[in-house]
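Student: Mind the numbering: the sequence shown is residues 1 to 438 in the UniProt record's numbering, read in order.
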Amino acid sequence: MTRTIGSKPVVAGMSRRQFIATSVAGGAALALGRGKAFAQAADTLKVGFVSPRTGPLGGFGETDGYVLDLARKALANGIELGGKKYSVEILDQDTQSDPSRAGQLAKDLINNQAIDLMLAVSTPEVINPVADACEAAGVPCLSTVMPWEAWYFGRGAKPGQPSPFKWTYHFGFGVDEFFKAYVSQWNLIETNKKVGVMYPNDADGNAIRAHLAPLLAKQGFTIVDPGAYETGTTDYSSQIALFKQEGVEIFNSFPIPPDFAAFWRQAAQQGLTRQIKIAQVAKTGLFPSDIEALGDLGMKIASAAYWHKAFPYKSPLTGVSGTELADGYEAASGKQWTQQLGATMSLLDAGFEALKSSTDAKDKAAVAKALSALNTETMIGKVDFTSGPVANVSPGPIIGTQWVAAKEGSKFPLDYVVTENATDPKVPVEAKLQPYNG
Numbered sequence: 001m002t003r004t005i006g007s008k009p010v011v012a013g014m015s016r017r018q019f020i021a022t023s024v025a026g027g028a029a030l031a032l033g034r035g036k037a038f039a040q041a042a043d044t045l046k047v048g049f050v051s052p053r054t055g056p057l058g059g060f061g062e063t064d065g066y067v068l069d070l071a072r073k074a075l076a077n078g079i080e081l082g083g084k085k086y087s088v089e090i091l092d093q094d095t096q097s098d099p100s101r102a103g104q105l106a107k108d109l110i111n112n113q114a115i116d117l118m119l120a121v122s123t124p125e126v127i128n129p130v131a132d133a134c135e136a137a138g139v140p141c142l143s144t145v146m147p148w149e150a151w152y153f154g155r156g157a158k159p160g161q162p163s164p165f166k167w168t169y170h171f172g173f174g175v176d177e178f179f180k181a182y183v184s185q186w187n188l189i190e191t192n193k194k195v196g197v198m199y200p201n202d203a204d205g206n207a208i209r210a211h212l213a214p215l216l217a218k219q220g221f222t223i224v225d226p227g228a229y230e231t232g233t234t235d236y237s238s239q240i241a242l243f244k245q246e247g248v249e250i251f252n253s254f255p256i257p258p259d260f261a262a263f264w265r266q267a268a269q270q271g272l273t274r275q276i277k278i279a280q281v282a283k284t285g286l287f288p289s290d291i292e293a294l295g296d297l298g299m300k301i302a303s304a305a306y307w308h309k310a311f312p313y314k315s316p317l318t319g320v321s322g323t324e325l326a327d328g329y330e331a332a333s334g335k336q337w338t339q340q341l342g343a344t345m346s347l348l349d350a351g352f353e354a355l356k357s358s359t360d361a362k363d364k365a366a367v368a369k370a371l372s373a374l375n376t377e378t379m380i381g382k383v384d385f386t387s388g389p390v391a392n393v394s395p396g397p398i399i400g401t402q403w404v405a406a407k408e409g410s411k412f413p414l415d416y417v418v419t420e421n422a423t424d425p426k427v428p429v430e431a432k433l434q435p436y437n438g
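1) Under 8 Å by Cβ, that's how I've got Thr344 and Asp64 pegged, so tell me the actual separation to the nearest angstrom.
2) Should the region 120–127 be regarded as contacting the region 382–390, the criterion being three or more beta carbon pairs within less than 8 Å?
3) Along the chain, where does the beta strand (DSSP E) containing residue 455 start, and where does it finish?
4) Using only the alpha-carbon positions, how far apart do Thr318 and Lys382 sit?
5) DSSP on Trp151, reduced to helix/strand/coil?
6) Between which two residues does the alpha helix (DSSP H) holding Gly342 run?
7) Given this structure, state the Cα-to-Cα distance separating Ser315 from His308, to the nearest angstrom.
8) Pull up the DSSP beta-bridge partners for Met379, would you.
9) When the distance is taken between beta carbons, is Phe260 closer than 9 Å to Val197?
10) What ranges does the alpha helix (DSSP H) occupy inside the region 272–302, keeping only unbroken runs of at least 4 residues that lie completely in it?
11) Which residues bound the beta strand (DSSP E) around Glu89?
12) Among Ala217, Asp176 and Ala71, which has the Cα closest to the Cα of Asp92?
13) Go to Leu325, then tell me how far its alpha helix (DSSP H) extends in each direction, as first and last residue.
14) Judging by CA-CA distance, which residue of Phe221, Asp98, Leu297 and Gln266 is the nearest neighbour of Ser238?
15) Using the DSSP secondary-structure output, state which residues sit across from Cys141 in a beta bridge.
16) Pop quiz: Gly342 and Met379 are said to be a contact at Cβ under 8 Å. What is the actual Cβ separation, rounded to whole angstroms?
17) Provide the residue(s) that pair with Gly400 in DSSP beta bridges, ordered along the chain.
18) Which residues in the same chain as Thr191 place their Cβ atom closer than 7 Å to its Cβ, once the five residues preceding and following it in sequence are excluded?
19) To the nearest angstrom, how far is it from the Cα of Tyr199 to the Cα of Asn206?
20) What three-state label does DSSP hand Ile79 in the structure shown?
21) Hey, Gly298 and Trp403: beta-carbon distance below 9 Å or not?
22) Phe49 by DSSP, collapsed to three states: which one?
23) Between the Cα of Ala391 and the Cα atoms of Asp296, Leu188 and Pro159, which residue gives the shortest distance?
24) Check each candidate in Glu246, Gln336, Gly83 and Val139 and name the one with the smallest Cα separation from Tyr66.
Printed below as a string of structure tokens:
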């Protein structure tokens, strides 16, 4: 209840002096509360993490929850940077395999969550929209798991010109790594060196067609290319007919999983798979679920790994080895390990190493500068932005692999074995490449 003294309302039973004193104290408490909130914000590092957990690209994000749990546990007591202790929040978001949503999520993390660093992982459909949003907003961004050419040139950089990017950095495989791995792998089996390629009309496919195919041709491989196809195509009869007519014995593609499944089933129905000696796929065929969905048609498909549990490196963030990471995931989930485990861990490794080496982890320009000078070892091996093929890029390995029947007594029907190691000889070769037919 209030009453009025002069023109000012005062709480009943309280003198003007008491009211003023109480108001001053309340204002001081409010100011103190605001100051505490600002101090807490200054002492907290916010890291955005964007990946495809669901949708057609969901296989890439299936293991992210487990890796993020390990990272959060490692960071539970905060992190000391430059003599100051920070608490850490990792704000993870699912793009649902939608590029537009990826960009929207990035803008929300930037504008509404006030992140200090963005991490983005897996495919151009996720990474490029996120990187573009960060570049526009002046927020440091680190990414991995897509060909670096599709990241660099696909976002507007021009060959021979200075990098247009100040805030965004990418590490991992590129055309040169695929080239070395494929030549190494394809020479393990005698073929006629005719390669039927299915490169989609997207950032990955266009980069591979422009940069990889000519290199393979110089090595004596005949490239049979029916032209770019659109994602979501349902009838591949014309491409299959061309491959049969030309007698291709090697098949190579960079499709999303549903497209490859449709193509490969039609290829089997129309007799193409019978002449294939090496079926080498990328972007799909990376995970056990992709191969299991094909049934017998998935056996002996050759793949390429940007990480394998045989990699001899440890995570500096969590301290786990490749075998420990894979075994831990299988024990926790009941599912077979995938190569994405180590790739996602390496992104967190590199991101937090950059924050540690920054002169001020809360200053975005300082973090971007630390990224540009980053030279460290992660779960996938070395990440080095000081000696990349272009600015803002650090290349990484691609190791030849193959899906084979697991040994008797295994918990899972398939085994994923290393068949060559041209891009990182420290990774042990585990098995001889088997012909797809034969």
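By construction, the Cβ of each residue, glycine as well, lies at the ideal position given by its N, Cα and C atoms.
Here the structure is a predicted model, which is why all the values come from computation and not from measurement.
Tutor: Let me lay it out:
1) 5 Å
2) no
3) No statement about residue 455 is possible, as the shown extent of the chain runs from 1 to 438 and does not include it.
4) 16 Å
5) helix
6) Gln340 to Ser357
7) 13 Å
8) DSSP output for Met379 lists no bridge partner at all.
9) no
10) 288–292
11) Lys84 to Asp94
12) Ala71
13) Gly322 to Ser333
14) Gln266
15) Met118 and Thr168
16) 5 Å
17) Ala304
18) Glu249, Ile250, Lys277 and Ile278
19) 7 Å
20) strand
21) yes
22) strand
23) Pro159
24) Gln336
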